[in-house]
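Chains as they are written, first to last, in my numbering: chain A, 1 to 213; chain E, 1 to 761; chain C, 1 to 102.
Here's the structure, in structure tokens; my notes come after.
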Amino acid sequence: MNALNVRTLAAWAAGSALVVVFLAGMYALAVAPAARDGLAAGPGGFGLPELLFYLLSAVTLAGAAAVAFVRNILHSAVGLLAALLGAGSLYVLLSADFVAVTQLLVYVGGVLVLVLFAVMLTSRITEVTVSNRSFGLFGGLLLLVAAAPVLVTVALVTPWPAAPPGPLAPSTAAIGDGLLTRWLLPFEVASLILLATLVGAVAIARKELKSDD
Amino acid sequence: MEHAAHALGPVPVTSAGYLWLIPFLPLLGAAVNGLVGWKLQRVLGKRAVHWIAVAAVAASFAVSVCAFVQLLGLPPEARHLQDTLWNLFTAGRLSVDFAFALDPLSMTMVLVITGIGALIHVFSIGYMADEPAYWRFFCYLNLFVFAMLLLVMGDSFAVMFFGWEGVGLASYLLIAFWYQDPEKAAAGMKAFVVNRFGDFGFLLGVLLLFWALGGAWQPRADRPLRPEYRPAAELNAVAGASTRAEALALAPRVEGVAIGPTLSFRELRDQITVEATGVRERLAGATLWGLPVLALVGILLFVGAMGKSAQLPLYVWLPDAMAGPTPVSALIHAATMVTAGVYMVARLGFLFALSPSAMGWVASVGALTAIFAASIGFFQHDIKKVLAYSTVSQLGFMFIGVGVGAYWAGVYHLVTHAFFKATLFLGSGSVILGCHHEQDMRKMGGLARHMPITRWTYLVACVAIAGFPVANGFYSKDEILWKAFTSRHLALFGAPLPWLGPAIYLLGIVAATGTAFYMYRSYYMTFTGTYRGADGHGHGQGHGAGHGHGTPHESPRTVTWVLAALAAGSVLTLLLGLPALWTGSEPLFERWLAPVLAPVAFAHGSHAQEWLFQGLGVAAATAGWLGARALYRDARSPVPAQLRDRFHRAWKVVYHKYYVDELYAWVVLRPAVRLAKVLAWFDAHLLDGLVNLVGGIARLFAAISDVIDRYAVDWAVNAVAGVTAAAGRSLRRVQTGRIQTYLYGALGGALAVVLLNFLLS
Amino acid sequence: MSIPLPHFLVVGALLFALGLVTVATRRNAVGVLMGVELILNGANVNFVAFERYVGGGVSGQVFALFVIVLAAAEAAVGLAIVLAVFQLSRSIDVRQADLLRE
Chain A
1 MNALNVRTLA
11 AWAAGSALVV
21 VFLAGMYALA
31 VAPAARDGLA
41 AGPGGFGLPE
51 LLFYLLSAVT
61 LAGAAAVAFV
71 RNILHSAVGL
81 LAALLGAGSL
91 YVLLSADFVA
101 VTQLLVYVGG
111 VLVLVLFAVM
121 LTSRITEVTV
131 SNRSFGLFGG
141 LLLLVAAAPV
151 LVTVALVTPW
161 PAAPPGPLAP
171 STAAIGDGLL
181 TRWLLPFEVA
191 SLILLATLVG
201 AVAIARKELK
211 SDD
Chain E
1 MEHAAHALGP
11 VPVTSAGYLW
21 LIPFLPLLGA
31 AVNGLVGWKL
41 QRVLGKRAVH
51 WIAVAAVAAS
61 FAVSVCAFVQ
71 LLGLPPEARH
81 LQDTLWNLFT
91 AGRLSVDFAF
101 ALDPLSMTMV
111 LVITGIGALI
121 HVFSIGYMAD
131 EPAYWRFFCY
141 LNLFVFAMLL
151 LVMGDSFAVM
161 FFGWEGVGLA
171 SYLLIAFWYQ
181 DPEKAAAGMK
191 AFVVNRFGDF
201 GFLLGVLLLF
211 WALGGAWQPR
221 ADRPLRPEYR
231 PAAELNAVAG
241 ASTRAEALAL
251 APRVEGVAIG
261 PTLSFRELRD
271 QITVEATGVR
281 ERLAGATLWG
291 LPVLALVGIL
301 LFVGAMGKSA
311 QLPLYVWLPD
321 AMAGPTPVSA
331 LIHAATMVTA
341 GVYMVARLGF
351 LFALSPSAMG
361 WVASVGALTA
371 IFAASIGFFQ
381 HDIKKVLAYS
391 TVSQLGFMFI
401 GVGVGAYWAG
411 VYHLVTHAFF
421 KATLFLGSGS
431 VILGCHHEQD
441 MRKMGGLARH
451 MPITRWTYLV
461 ACVAIAGFPV
471 ANGFYSKDEI
481 LWKAFTSRHL
491 ALFGAPLPWL
501 GPAIYLLGIV
511 AATGTAFYMY
521 RSYYMTFTGT
531 YRGADGHGHG
541 QGHGAGHGHG
551 TPHESPRTVT
561 WVLAALAAGS
571 VLTLLLGLPA
581 LWTGSEPLFE
591 RWLAPVLAPV
601 AFAHGSHAQE
611 WLFQGLGVAA
621 ATAGWLGARA
631 LYRDARSPVP
641 AQLRDRFHRA
651 WKVVYHKYYV
661 DELYAWVVLR
671 PAVRLAKVLA
681 WFDAHLLDGL
691 VNLVGGIARL
701 FAAISDVIDR
711 YAVDWAVNAV
721 AGVTAAAGRS
731 LRRVQTGRIQ
741 TYLYGALGGA
751 LAVVLLNFLL
761 S
Chain C
1 MSIPLPHFLV
11 VGALLFALGL
21 VTVATRRNAV
31 GVLMGVELIL
41 NGANVNFVAF
51 ERYVGGGVSG
61 QVFALFVIVL
71 AAAEAAVGLA
81 IVLAVFQLSR
91 SIDVRQADLL
101 RE
């Protein structure tokens with residue numbers, strides 16, 4: 001914190017206010033009744049799962065927003081971390097435990113680390129600020145405003161043939177069975193792709209030796 | 001002496017397949033000389049050229065002698081040789097063949113043409129020796145002989161007219177032989193144009209005759225037509241006749257004679273002379289606008305003869321035709337071409353004999369011409385002009401003969417005139433040659449010493465033309481004048497005028513006196529006295545070099561031998577025409593021609609009258625001779641000069657040929673030239689203006705088109721290019737090379753599709 | 001447990017949209033790749049949610065697994081490319097990689 005400028009202060013204040021309001025709301029709506037009535041869903045249908053859902057989606061979306069709008073690339077990477085973690089936890093809520101763990105292992109543990117490495121390796125130069133910053137931010141917001149409502153509207157309006165979900169159940173066995181029977185070919189092809197990726201990435205990123213041709 | 005009317009029936013025909021050789025050989029000679037003559041002359045010399053030409057005519061003469069012998073072998077009523085070459089055309093009942101026919105009349109003409117023609121060809125060898133265009137001369141001479149033979153040997157109007165026009169052409173070519181001299185070229189054109197007037201009349205006459213034969217102009221009222229004639233149908237082409245046999249099959253026949261329109265002389269004669277066909281009475285009854293058709297036909301045909309044979313008023317070309325070389329004058333304008341008219345009238349004698357009016361006009365015009373031309377001949381200085389007017393005058397005599405109906409006499413005068421006029425012309429040619437191309441008689445004189453052969457032959461010919469009984473001219477002229485006196489049935493406007501015959505005789509005898517006078521004048525001026533041409537330069541044709549000497553000399557042998565031959569002929573042919581008064585029987589020539597000619601009735605005259613008229617003829621000749629002798633012998637007498645000064649105005653009129661040429665120039669030529677100028681103006685300004693206008697409009701359209709092309713079309717093309725370039729320039733900017741721009745594009749497109757989907761469903 | 005399906009779908013949609021924005025606006029090449037990860041994650045959430053609420057056995061989860069695998073591969077290769085470009089031109093600004101422009 002070199003210079004306390006007004007903007008930073010305002011951002012911090014807004015963020016804190018939002019957190020406080022969120023927490024207060026959560027407490028009022030979920031924690032207090034749960035403490036009173038137990039873990040089961042209350043009369044409003046707002047039980048712990050709903051709370052968890054809203055909390056986790058908030059984290060995810062906040063992270064995604066950070067990736068999109070934050071100037072510093074490193075901070076964006078952290079936001080990506082948050083988004084990936086949040087998505088993983090959402091998978092748990094959706095009874096996709098194997099996927100959630102895979103997400104954690106591969107995405108957070110692999111891709112994110114890779115991204116961070118790349119950021120580090122290429123941050124020799126200073127982050128070039130957007131020359132036309134207003135356009136950059138403005139354009140992004142415009143695109144968001146253009147794309148998001150459409151998708152959200154579709155999601156909300158379409159009469160999905162949704163059935164009430166069954167109980168939470170582990171899915172690993174079923175996935176394993178499926179991978180080796182029904183989706184055997186994609187499975188093998190995926191392994192080939194990984195092989196190719198391995199070789200290709202190394203080949204591309206390797207520093208060219210002057211003597212080779 | 002009466003002439004028994006011969007019973008004439010249809011003429012039996014003998015076929016002779018070689019007759020075509022007679023005209024063909026001169027044509028061949030003309031073709032060879034015309035096409036390669038210049039080369040032959042350069043390579044082989046002039047001998048090659050004249051050998052070809054003379055051989056051609058001589059061979060033709062030989063063939064005609066063969067035909068003559070064959071003709072003699074036939075009985076007199078059957079003397080008709082025919083050689084049909086091919087059918088020219090057939091249309092309905094008319095069928096015209098290209099055929100030659102020889103009967104005694106045409107045989108005579110053929111012998112005269114080829115015989116005297118051959119002699120004149122020989123003469124030309126010597127006369128034209130210095131001429132560079134030697135080959136062209138002989139080519140044209142042969143061409144003329146060919147055309148003349150076609151004229152006399154043709155057995156139909158078609159072939160005869162072909163020859164008629166052909167001799168006109170040959171005459172033009174030969175008169176204007178030295179065409180670089182504008183005067184001579186003009187003389188040629190004058191001959192051709194005046195002949196054209198005559199030919200127009202001739203054609204009208206032929207067409208009128210053809211129509212009348214088809215039944216036109218019959219008086220409607222009383223004469224019922226014979227069933228053979230259906231007027232309108234005859235003239236229309238009857239379907240299906242395309243060969244001669246078919247055409248003949250269509251014609252009705254009476255006594256073996258096919259009836260209907262025809263152009264063949266023999267068929268026409270057969271139809272008229274055989275009474276049973278009824279053609280004669282039909283023709284006699286036909287009238288056109290109140291005038292009898294036969295008289296009209298006769299007069300129109302005679303108009304053609306007027307042009308070709310130089311009668312009043314179409315004679316003006318003949319004196320100018322003397323601009324041609326002398327052999328040409330001798331052959332064409334003395335012996336043969338100008339006699340074509342006489343031949344034609346004799347050939348169609350049976351037609352003329354049906355119309356006393358036509359006969360009267362022919363004889364009258366002949367008589368007037370005879371005396372008119374003789375008077376002009378009195379005062380001319382140019383020897384050839386004298387002979388030219390003499391020819392016109394003698395032709396007038398011939399027409400008197402055929403006009404009054406003494407056809408054989410007219411033809412006999414034709415033959416005798418051919419001999420002595422050829423002698424005279426060739427003699428004058430010899431004189432001109434000897435005097436270094438001098439033609440003015442005032443510059444001649446005393447040539448008897450220098451040119452004896454020429455002098456004697458010329459004298460013989462003068463004796464002949466004057467009409468002394470020692471040479472042939474007397475016999476023909478006497479017969480003509482006697483027949484003129486005894487003809488009582490001549491008419492001019494329909495009614496017979498018994499005094500017309502004697503009047504014509506009177507004119508004739510005066511003309512005969514004049515003939516003797518001016519011919520002996522020319523003889524005395526040329527051959528007697530002393531030579532007046534001491535300056536030695538000729539003013540003649542201007543071609544070839546004079547010999548540079550002042551003295552005249554005799555001509556080469558080719559010239560003098562021909563002169564001798566012709567002079568001998570002038571004497572010997574008198575044997576053909578010895579009058580019946582002397583021998584008791586018909587003259588040979590009359591007997592020879594009788595089967596072909598129409599019989600005409602003459603008044604009966606006693607023997608004493610005949611002797612008297614013969615004596616009158618001789619007296620007229622003697623008077624003329626003595627008068628000329630007194631005035632012109634040795635050029636001693638001052639009387640001619642005194643008379644000229646005394647009657648100067650009259651002398652001037654006659655000397656200037658009665659100003660007839662000037663009159664024609666004023667009446668005919670000036671309007672024609674003015675019309676030509678008007679038409680030329682019309683063509684140059686209006687027609688050419690129209691054409692130029694069209695051209696200008698086209699140019700205007702082209703200019704407009706150019707403007708449209710340059711500004712509108714090119715602008716449009718350039719605009720398209722410009723628009724394309726601008727569009728490219730602006731659309732290129734889509735390719736930013738940045739991924740994110742492309743992403744925006746894709747997203748935009750996807751969004752649009754989604755929205756569309758929403759909106760449409 | 002009674003979170004209705006649309007809620008999950010909305011989350012997925014918003015993830016997707018934010019990922020789109022990132023890809024579209026980021027100048028840093030690595031940032032663009034991060035955006036791609038977000039997009040894939042959004043799609044994954046959709047898959048799993050549909051499998052839970054609509055049906056299909058485990059097909060949704062298997063698909064999501066494959067997506068994760070491929071995303072990892074793609075991230076690896078993409079970052080390798082970025083590194084190669086960085087070595088070439090010393091810059092990873094995507095706005096400067098416009099050699100294919102007009």
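From the three backbone atoms N, C-alpha and C, an ideal C-beta is built for every residue, glycine too.
query, result
"When you compare each of E:A620, E:F468, E:T622, E:I509 to I480 of chain E by their alpha carbons, which one comes out closest?", "E:I509"
"Which residues in the same chain as A71 of chain C place their Cβ atom closer than 7 angstroms to its Cβ, once the five residues preceding and following it in sequence are excluded?", "E37, L40"
"Name the chain C residues that come within less than 8 angstroms of Y107 of chain A, Cβ to Cβ?", "E37, N41, I68, A71, A72"
"Who are the neighbours of V754 of chain E on chain A, taking C-beta pairs under 7 angstroms?", "V150"
"Between L756 of chain E and W160 of chain A, what straight-line distance do the alpha-carbon atoms span, to the nearest angstrom?", "21 angstroms"
"Assuming contact is defined by CB atoms lying nearer than 8 angstroms, are F399 of chain E and A363 of chain E in contact in what I supplied?", "yes"
"Report all residues from its chain with a CB closer than 7 angstroms to the CB of T486 of chain E; omit the five preceding and five following residues, and keep chain order.", "G501, F602, A603, G605"
"Looking at F98 of chain A and T172 of chain A, is the spacing between their C-beta atoms short of 8 angstroms?", "yes"
"Within 8 angstroms of any Cβ in chain A, is that where the Cβ of L760 of chain E sits?", "no"
"Distance cutoff 8 angstroms, beta carbons only. Does V77 of chain C sit that close to anything in chain E?", "no"
"Report the rounded CA-to-CA distance for A148 of chain A versus L90 of chain A, giving the unit in angstroms.", "20 angstroms"
"Helix or strand or just coil, what does DSSP make of D181 of chain E?", "coil"
"Let me know the alpha helix (DSSP H) ranges lying completely inside the stretch 292-370 of chain E, each 4 residues or longer, listed in chain order.", "293-308, 317-320, 326-330, 340-347, 349-352"
"Can you tell me whether DSSP reads G42 of chain C as helix, strand or coil?", "helix"
"Can you confirm whether the stretch 96-110 of chain E touches the stretch 592-599 of chain E when touching is taken to mean that 3 or more C-beta pairs between the two stretches lie within less than 8 angstroms?", "yes"
"Can you give me the start and stop residues for the alpha helix (DSSP H) that D177 of chain A sits inside?", "172-180"
"Between V94 of chain C and chain E, is any beta-carbon pair separated by less than 8 angstroms?", "yes"
"Taking DSSP as the reference, what is the three-state secondary structure of N28 of chain C?", "strand"
"With DSSP run on the structure shown, which of helix, strand or coil describes V43 of chain E?", "helix"
"Sort E:L626, E:Q614, E:F350 by Cα distance to A406 of chain E and report the nearest one.", "E:F350"
"Using a C-beta to C-beta distance shorter than 9 angstroms, which residues of chain A count as neighbours of L747 of chain E?", "L143, A146, A147"
"Would you check if the distance between the CB atom of K443 of chain E and the CB atom of R532 of chain E is smaller than 8 angstroms?", "yes"
"Spell out whether any CB of chain C is found under 8 angstroms from the CB atom of L768 of chain E.", "Residue 768 of chain E cannot be examined here, being either before or after the span of chain E that is shown, 1 to 761."
"Counting contacts by CB-CB distance shorter than 8 angstroms, is T724 of chain E in contact with chain C?", "no"
"Which value, in whole angstroms, describes the spacing of the CA atoms of Y53 of chain C and T197 of chain A?", "34 angstroms"
"For the stretch 19-37 of chain C, list every residue whose C-beta sits within 9 angstroms of some C-beta in chain E, in sequence order.", "L20, V23, A24, T25, R26, R27, V32"
"Pull up the CB-CB distance for V279 of chain E and L208 of chain E, whole angstroms please, since I reckon it's below 8 angstroms.", "About 15 angstroms; that fails the 8 angstroms criterion."
"Out of curiosity, what's the CA-to-CA distance linking L194 of chain A and V754 of chain E?", "35 angstroms"
"For N718 of chain E, is the classification buried or exposed, using 16 other Cβ atoms within 10 angstroms of its Cβ as the cut-off for buried?", "exposed"
"Going by beta-carbon coordinates alone, are G126 of chain E and P556 of chain E separated by less than 8 angstroms?", "yes"
"Does the beta carbon of A97 of chain C sit closer than 8 angstroms to a beta carbon anywhere in chain A?", "no"
"Can you find a C-beta in chain E that's less than 8 angstroms from the C-beta of R101 of chain C?", "yes"
"For the stretch 674-697 of chain E, enumerate the residues whose C-beta is nearer than 9 angstroms to any C-beta of chain C, in chain order.", "none"
"Look up F89 of chain E in the DSSP assignment and say whether it is helix, strand or coil.", "strand"
"Quick check on T528 of chain E: does DSSP put it in helix, strand or coil?", "coil"
"Check for me: the beta strand (DSSP E) holding F98 of chain E runs from which residue to which?", "94-102"
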